[in-house]
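Numbering (this note's numbering), first residue to last: 184 to 973.
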Amino acid sequence: MTKIESKIEIWKKRLLDLGKRNRLINFKETKRSNVTILSPDYNQLFDLLVINEKGLKFPYAKKIKIDDDGEELYDTVIEGDLETKQTLVELQKTLKVLRARAKMSIEEQGINTLYLSFGMLKWTESVDSNLEITSPIILVPVSLTIESISSPYILQLHEDEILVNPTLTFKLENDFGIKLPEFDSNESNIMKYLKSISKLIDNETWKVTGDVNLSLLSFLKINMYKDLERNKDKITNNKIISAIAGEIDSIFFPSEYNNFDHDKRIRPIDTFQVVDADSSQQDAILLSKNQVSFVLQGPPGTGKSQTITNIISEALADGKKVLFVSEKMAALQVVHRRLEQVGLSNFCLTLHSHKANKKEILKDLENSLNMDKTRVKDEVLYQLNLLQSKREKLNEYHTELHTVNQPLGKTIYEINGILASLNHVPEIIFGINNVELTTPDQLNERKYLLDEFSKTLGKMSEDYTSNVWYNASINLLTYELRHDIDANLKVLIPQLLELTNIFSQNTDSFELHLVPTINHVDDLIEILRTSGNSPQIPYHWISENNISNLIIQAEEYQKISNEYQVISEKLSDEYQKNVFEIDAKLLKTEVLENIRLLHDSLNVRNYSSNSEIVTNIDNIYLEALYLSTTIKKIKETINDLSTSLEIYEPEAFSTITNYSNLLKLIVQRPRPTEVWFDKSKELALTTLVSDANSTYIQIRDLKAELLSQYEKEVLNIDYNNILIKFRTEYRSIFHVFNSQYHKDKKLIQGFAIHSTKITDSSIIELLIKIKSLAEKTEWIESNIDKFNDY
184 MTKIESKIEI
194 WKKRLLDLGK
204 RNRLINFKET
214 KRSNVTILSP
224 DYNQLFDLLV
234 INEKGLKFPY
244 AKKIKIDDDG
254 EELYDTVIEG
264 DLETKQTLVE
274 LQKTLKVLRA
284 RAKMSIEEQG
294 INTLYLSFGM
304 LKWTESVDSN
314 LEITSPIILV
324 PVSLTIESIS
334 SPYILQLHED
344 EILVNPTLTF
354 KLENDFGIKL
364 PEFDSNESNI
374 MKYLKSISKL
384 IDNETWKVTG
394 DVNLSLLSFL
404 KINMYKDLER
414 NKDKITNNKI
424 ISAIAGEIDS
434 IFFPSEYNNF
444 DHDKRIRPID
454 TFQVVDADSS
464 QQDAILLSKN
474 QVSFVLQGPP
484 GTGKSQTITN
494 IISEALADGK
504 KVLFVSEKMA
514 ALQVVHRRLE
524 QVGLSNFCLT
534 LHSHKANKKE
544 ILKDLENSLN
554 MDKTRVKDEV
564 LYQLNLLQSK
574 REKLNEYHTE
584 LHTVNQPLGK
594 TIYEINGILA
604 SLNHVPEIIF
614 GINNVELTTP
624 DQLNERKYLL
634 DEFSKTLGKM
644 SEDYTSNVWY
654 NASINLLTYE
664 LRHDIDANLK
674 VLIPQLLELT
684 NIFSQNTDSF
694 ELHLVPTINH
704 VDDLIEILRT
714 SGNSPQIPYH
724 WISENNISNL
734 IIQAEEYQKI
744 SNEYQVISEK
754 LSDEYQKNVF
764 EIDAKLLKTE
774 VLENIRLLHD
784 SLNVRNYSSN
794 SEIVTNIDNI
804 YLEALYLSTT
814 IKKIKETIND
824 LSTSLEIYEP
834 EAFSTITNYS
844 NLLKLIVQRP
854 RPTEVWFDKS
864 KELALTTLVS
874 DANSTYIQIR
884 DLKAELLSQY
894 EKEVLNIDYN
904 NILIKFRTEY
914 RSIFHVFNSQ
924 YHKDKKLIQG
934 FAIHSTKITD
944 SSIIELLIKI
954 KSLAEKTEWI
964 ESNIDKFNDY
């Protein structure tokens with residue numbers, strides 16, 4: 184036995200649930216899992232529900248009260264159509280649970296699990312066994328509905344197939360050799376069928392009863408088991424299932440799709456994706472397009488449904504059919520909703536859903552068949568080509584960014600990353616000769632020297648800025664230099680002592696808090712010079728007692744002076760000194776005026792403020808440059824064309840389209856005839872075109888009016904025949920007894936978009952408009968030959 188065959192056997196055993204925990208084999212009545220129906224009996228109930236398709240009401244209370252403990256009290260109980268074992272309170276709770284669970288099964292899995300079982304087989308596993316097992320026989324799919332809390336629960340026949348318990352059928356055939364006969368609800372009689380099973384059993388300990396129970400039953404696994412049993416050969420030969428079973432060699436993953444460069448190898452014009460996709464999703468779409476099997480996995484919210492949507496759109500563009508299945512109905516709905524949002528819903532056919540019915544499926548097919556074919560516009564092709572061009576520029580930028588540059592052996596991306604990590608380091612401006620020729624060895628040497636220098640500084644206990652050699656530019660200390668320094672210091676020290684004494688006297692006299700340094704000596708000299716050149720202080724500054732106003736003014740002047748100093752230093756750090764010579768006010772006025780002129784030419788929604796224009800000025804410049812180049816090429820082409828054809832050059836863009844139309848006519852290579860130069864023919868053609876245009880406008884307006892009130896299919900009805908009837912025989916007072924009258928009226932009523940009442944007069948008005956529309960359309964069609972003649 185091969186590995187796949189052994190796996191299939193394991194799968195079958197897991198699916199085959201024939202134990203006593205399966206309610207299809209061992210049916211047990213519990214408080215909230217089922218409702219036993221006592222009346223009417225199983226034969227009458229089957230006729231009412233299945234044959235006559237009648238909705239049956241459970242007992243319910245017309246009035247409901249709430250007692251002091253919060254419990255519901257039922258008053259004025261209505262018996263309904265069905266009688267059960269449970270009390271009214273318990274019955275309502277059980278029906279509520281059954282309805283909620285059945286609804287959840289339909290919404291999540293798209294299957295109905297609520298069944299009304301007719302007949303029970305009571306049997307034992309062996310002759311000596313005393314344990315009696317009860318199994319339902321015929322399963323009728325039903326649904327429970329309720330309009331409001333005070334309305335009764337209504338039991339109705341569901342549209343699924345009525346069938347004999349498949350799990351029980353499999354159990355009896357495999358364990359006892361008993362094959363249950365098939366049951367046809369349209370031809371078979373329920374009573375005769377149950378009696379035939381009693382005769383078929385022929386066992387004293389086994390018996391068939393007519394019990395009827397409403398319960399939740401599921402037998403999907405037995406159907407999956409039968410699929411494995413019937414299609415074993417197909418499954419063993421399927422490479423994908425073999426891979427799932429563990430035979431890895433059965434599938435092959437082409438190496439060409441590893442690290443696939445989508446930007447360079449796939450053009451936008453060859454892509455038919457309808458939602459966004461990242462690189463990993465692009466890989467999945469590529470594998471799907473090339474028929475490579477794969478598993479797409481990821482946690483919720485990672486874009487699996489988006490990827491599936493793109494895979495389906497790509498397959499549709501390739502003319503393929505796609506079957507999308509899921510265990511959960513929510514997954515199907517998410518993908519279908521995405522396809523609907525992008526306009527692909529007409530290509531979707533819902534095959535398995537509780538909402539899918541014959542009418543909806545036929546309507547979907549009709550919409551698909553009647554879809555209008557559209558042609559890709561030239562503008563879209565231009566945008567795709569433009570996208571290709573911009574993508575190539577981005578790819579080129581990416582390549583340059585990650586290209587290793589010599590001799591340093593690093594990319595621009597790596598260098599920017601290193602600089603970004605040094606964002607907290609103070610910037611120091613210094614020059615490096617021939618920096619573009621720096622090798623990795625030279626760079627490492629400079630790093631080493633800087634590192635050693637930082638270690639040396641770290642060993643100093645005092646502040647290195649106070650060292651006498653700080654900022655010294657001496658490269659080498661020689662004996663000659665030592666002698667010169669010693670000789671100069673002997674002269675300099677007495678002078679420094681005298682200077683320090685004078686400095687202290689002046690700072691004490693003027694109460695200046697300055698440290699005796701060379702820089703502060705210069706500051707003191709400047710203060711004394713300014714004081715000497717300054718006018719004398721007004722006497723009232725000193726004589727007046729209240730000098731608060733003077734202090735306030737001085738503080739304001741000091742604040743302005745500080746702000747001026749900060750701004751000046753900042754500008755000096757960033758720009759050259761001649762920046763202070765710029766007329767900032769005039770320059771600002773010119774910039775704002777240019778921005779205003781530029782703003783009139785830009786899209787207001789994208790550039791609503793001046794700051795957005797300034798931020799995006801580089802992109803605006805590039806787009807303007809591209810637009811200027813394109814306009815120049817257009818102008819050159821038009822000039823060449825006007826010269827070749829000896830026609831006037833266009834003065835505005837609006838006239839360029841005339842050249843395009845002219846070229847299209849020239850490409851068609853028309854052959855002039857005498858009719859072209861016949862004035863009478865030209866006048867007749869002009870009149871005919873005018874009439875055709877007027878008729879077309881009438882057709883358009885009339886059709887728009889009709890389609891605003893009715894579905895478009897109303898235009899296809901036999902309007903002549905129906906109009907004659909409404910003008911003749913339906914005008915009789917006995918027309919209400921005419922069945923055809925009601926059919927025709929109902930037909931037109933069915934096409935109405937709104938739920939307004941349709942009268943005979945409105946029907947006649949509608950038919951007259953449809954007839955007028957048809958006549959005008961026929962006139963257009965009948966005059967097509969005349970146009971061709973001209």
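A virtual CB, placed ideally from N, CA and C, is assigned to each residue, including glycine.
For clarity, every value in this text was computed on a predicted model and none was experimentally measured.
Residue burial is scored here from C-beta neighbours: T622 has fewer than 16 other C-beta atoms within 10 angstroms and is therefore classed as exposed. Bridge pairing for E266: S222 [DSSP]. Straight through space, the alpha carbons of I963 and T878 are spaced by roughly 8 Å.
For P677, the uninterrupted alpha helix (DSSP H) segment begins and ends at Y662 to S692. K768: not part of any beta strand (DSSP E); member of the alpha helix (DSSP H) spanning A767 to H782, first to last residue. Here M303 carries a strand assignment [DSSP, helix/strand/coil]. With fewer than 16 other CB atoms across the displayed protein chains lying within 10 angstroms of its CB, R914 is exposed. Between the region 222-242 and the region 261-272 there are three or more inter-stretch CB-CB distances shorter than 8 Å, so the stretches are counted as touching. Contact check between the region 443-455 and the region 213-233: fewer than three CB pairs, one atom from each, fall below 8 Å, which does not count as touching. CA-to-CA, the gap between L848 and Q881 works out to about 29 Å. In the structure shown, the three-state DSSP call for D394 is strand. For the pair I316 and T328, the CB atoms are not nearer than the 7 Å cut-off. For the region 387-469, the continuous alpha helix (DSSP H) assignments of 4+ residues that do not extend past its boundaries occur at 403-413, 415-419, 422-427 and 445-448, in sequence order.
The alpha helix (DSSP H) runs of length 4 or more contained entirely in the region 308-390 are, from start to end of the chain, 349-358 and 373-384.
Put simply, the region 215-233 touches the region 296-306. At least three CB pairs are less than 8 Å apart. Between Y893 and K954, the C-beta gap is not smaller than 7 Å, which leaves the two residues out of contact.
As the crow flies, the alpha-carbon of P833 is around 17 Å from that of S811. The beta carbon of N396 lies closer than 6 Å to those of N217, T219 and S300 in the same chain, with the five residues before and after it left out. Burial of D394 is indicated by the presence of at least 16 other C-beta atoms within 10 angstroms of its C-beta.
For S843, the enclosing alpha helix (DSSP H) has its first and last residue at I839 to V850. Taking C-alpha positions only, Y831 is separated from I905 by approximately 60 Å. Take the alpha-carbon of L545 and the one of S551: they are about 10 Å apart. The Cβ neighbour count for P364, taken over all protein chains shown within 10 Å, is under 16; the residue is labelled exposed. Judged by their CB atoms, K305 and K390 are nearer to each other than the 7 Å cut-off. Following the DSSP letters along the chain, one finds Y740 inside the alpha helix (DSSP H) bounded by residues S731 to E757. L640 is positioned such that its CB atom lies closer than 7 Å to that of Y647.
In this structure, DSSP gives N295 a state outside helix and strand, which the three-state scheme calls coil. Around the CB of T869, fewer than 16 other CB atoms lie within 10 Å, so the residue is classed as exposed.
Take the alpha-carbon of D311 and the one of E273: they are about 38 Å apart. No Cβ-Cβ contact shorter than 7 Å links S309 with T296.
Below 8 Å, too few C-beta pairs join the region 186-205 and the region 360-379 to call them touching: fewer than three. When only Cα atoms are considered, T683 and L707 end up about 12 Å apart.
The C-beta separation of L198 from Y408 comes to about 4 Å, placing the pair in contact by the 8 Å criterion.
Bridge pairing for A244: V260 [DSSP].
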